[in-house]
Structure formats: structure tokens, C-alpha cells
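The sequence shown runs 1 to 131 under UniProt numbering. Encoded as C-alpha cells, the structure appears first; notes follow it.
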Amino acid sequence: MARILKWLLFGVLCSLLPIGFVAIDFFTNGKSFNLANLIGNGELLLVTSGIAAAGLGELISESPKKSIGVMFTGASSLILIGVCSYSFSSVVSSQNPDISNITSGSIWVFIISVFTTVVCFIQSETPSWKI
Numbered sequence: 001m002a003r004i005l006k007w008l009l010f011g012v013l014c015s016l017l018p019i020g021f022v023a024i025d026f027f028t029n030g031k032s033f034n035l036a037n038l039i040g041n042g043e044l045l046l047v048t049s050g051i052a053a054a055g056l057g058e059l060i061s062e063s064p065k066k067s068i069g070v071m072f073t074g075a076s077s078l079i080l081i082g083v084c085s086y087s088f089s090s091v092v093s094s095q096n097p098d099i100s101n102i103t104s105g106s107i108w109v110f111i112i113s114v115f116t117t118v119v120c121f122i123q124s125e126t127p128s129w130k131i
């Protein structure tokens, strides 16, 4: 549990710092501040990809188990990395991106990635994990 807490504090929160800096910039420069302006260009997708990669790395390096649950979680992390990478490249290359859809999609993928990575940590730490 301590490793998960350390990852949440240092991995996730530190990954979100650049987005926080953009928020501070909006505030100090008097720009319109809303979530769509903050993450509507796909920034959260890059953070999410890194979070999913951390979970996959943890699972591969620490888990000697080859159960169906471990393989499913690892595959889910790999799929999340692919989805985030493709989505970000699509957002960047789009001429008229729908910022509202990008914002809500980014948030959902971020939540799913954090959950999946927590499961990766639990699976790597728990010797009795069997699915």
C-alpha cells in the first residue's frame, strides 16, 4: 500500500504539474480559465500514457505470476498507452478538434488509467492474487 501511495503522490501528482503550471499561467495572465482550455489540446492524454506505462512496467518487473488477471491488466495498460498515443496525435493533427469531447474523453481515460495502474501495483505486491 505504501508503494501505491508513493506512486500517487510522486508519479501522478508530479505528472500533473505541467497542467497545473498552465492553470497558474491562465490565472496570472487573466485568461479565461476552464477545464476545456486547460486540457482540451490533449495534454492529459500524454500524462495518462505515462501513468499507464508506469503500471505496465511495475507489473512486468515485479510480478512473477502469469495468471489471466495479470495478463488482462497488462494488456489493458498496453491498450491505454496505444489509445492515448493515437488520440493525442489525432488531436494535434486535427484542424477543428472538438475540445469538449477531447476534455471529457481525456478525463475518462485518465481515471481508467489510474485505476488500472493501481490494480497493476496490487497484483505485483500481492502473492495470493489469483484470477
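Ideal placement from N, C-alpha and C gives every residue a C-beta, glycine not left out.
The alpha-carbon separation between Ser67 and Ser76 amounts to approximately 14 Å.
In the DSSP assignment, Pro97 falls outside any alpha helix (DSSP H) and carries neither an H nor an E. Thr116 sits in a helix when the DSSP states are folded into three classes. Taking a C-beta distance under 8 Å as the contact criterion, Val91 and Asn37 do not qualify as a contact pair. Contact between the region 50-57 and the region 24-38 is absent: fewer than three C-beta pairs spanning the two stretches fall below 8 Å. For the pair Gln123 and Leu80, the CB atoms are not nearer than the 8 Å cut-off. A straight line joining the alpha-carbon of Glu43 with that of Cys84 spans about 10 Å. Rounded to whole angstroms, the separation of the alpha carbons of Asp98 and Gly82 is 20 Å. CA-CA distance, Leu46 to Val70, rounds to 24 Å. The straight-line gap separating the alpha-carbon atoms of Ile39 and Phe72 is approximately 29 Å.
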